[in-house]
Every structure is written in structure tokens, then in C-alpha cells.
Amino acid sequence: MASRGKPDLSWAGSHQLGPDLAGAVPANLTLLEPPAAGKNGTVHLRYGLADGTPATGDMSAPGRGVGNDA
2 MASRGKPDLS WAGSHQLGPD LAGAVPANLT LLEPPAAGKN GTVHLRYGLA
52 DGTPATGDMS APGRGVGNDA
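Each residue of the sequence shown is one higher than the one before, counting from 2 in my numbering.
Here is the structure:
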């Protein structure tokens, strides 16, 4: 599990990812339809392959949801 908090990891085989997990994974995915909330609070995201060469993004760029421009 990846979390910034302290999640309950009491179930068998669970562990929190450590700070050694770093880097960006290039992807050429596109969101196929708007996010949909399930009846139990799960958010369903449907992705598909996009054209082009996989690349990484910059989440600190304006309009990306980080900082005061969110």
C-alpha cells in the first residue's frame, strides 16, 4: 500500500511501501471515460492505450493539482 499516513495494515502479507520507491514510470495511457464512483466508495478509472511514445509528466506544472493552482 502507498500512503502518506499510517494506514491499518493488520491483514496478512500487507506492508507499506518505503521511501526507497522512487522514479517515474513512463506511460501512454488515456482516461477513456469520466471517473465513476461505486456504491462502496470505490472510484473506477478506465484507461486505454494512447498514441505516441510513453513519457513522464510534471505534476508540479500549473494546472496539475499540486500547489495553489489545484
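All C-beta atoms in this analysis are idealised placements derived from N, C-alpha and C, irrespective of residue type, glycine included.
Per DSSP, the continuous beta strand (DSSP E) segment holding Leu30 begins and ends at Leu30 to Leu32. Rounded to whole angstroms, the gap between the alpha carbons of Leu50 and Glu34 is 13 Å. Counting along the chain, Gly49 sits inside the beta strand (DSSP E) bounded by residues Tyr48 to Leu50. Across the structure, Trp12 and Leu18 are spaced so that their CA atoms are roughly 15 Å apart.
Looking at the DSSP output, His16 bridges to nothing.
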